[in-house]
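Numbering (the working numbering), first residue to last: 122 to 249.
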């Protein structure tokens, strides 16, 4: 079981590096997007940290309460969603600021990390 934790962390680091590289390249190659409220590396560090914390919680939950991993995943996703909403409150309150690019810049990687987190949670649930 310890190997699954180390494997998840390694895959998460690789996913973060790869998706950040692709995202950064797309923004700098074809789209001239300047003046973003949150920089790209802050978004990826934020999502990496939340995904890692939720998976660590699920991993330790699976060691003690195997039947509640699915519920723990749902609670983690709701907390992650609320934390992401709180991150955008200052941006939404700006008058005259077009934040559509910022929202896309955040939520495309958000869903990539969410899919990865879901696959990790499913693997923990199936190890019962």
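Idealized CB from N, CA, C, for every residue including glycine.
For the alpha helix (DSSP H) containing residue i, name the first residue and the last one.
| i | result |
| --- | --- |
| residue 187 | No alpha helix (DSSP H) holds residue 187; DSSP gives it neither H nor E. |
| residue 231 | 221 to 247 |
Please tell me whether residue i and residue j are closer than 8 Å, where the distance is taken between their beta carbons.
| i | j | result |
| --- | --- | --- |
| residue 178 | residue 193 | yes |
| residue 159 | residue 230 | no |
| residue 167 | residue 126 | no |
| residue 223 | residue 207 | no |
| residue 214 | residue 157 | no |
| residue 172 | residue 228 | no |
| residue 129 | residue 176 | yes |
Buried or exposed: residue i, going by 16 or more other Cβ atoms within 10 Å of its Cβ?
| i | result |
| --- | --- |
| residue 188 | exposed |
| residue 139 | exposed |
| residue 242 | buried |
| residue 134 | exposed |
| residue 147 | exposed |
| residue 201 | buried |
| residue 232 | exposed |
| residue 145 | exposed |
| residue 190 | buried |
| residue 195 | exposed |
| residue 174 | exposed |
| residue 137 | buried |
| residue 245 | buried |
| residue 182 | buried |
Does DSSP put residue i in a helix, a strand or coil?
| i | result |
| --- | --- |
| residue 214 | coil |
| residue 158 | coil |
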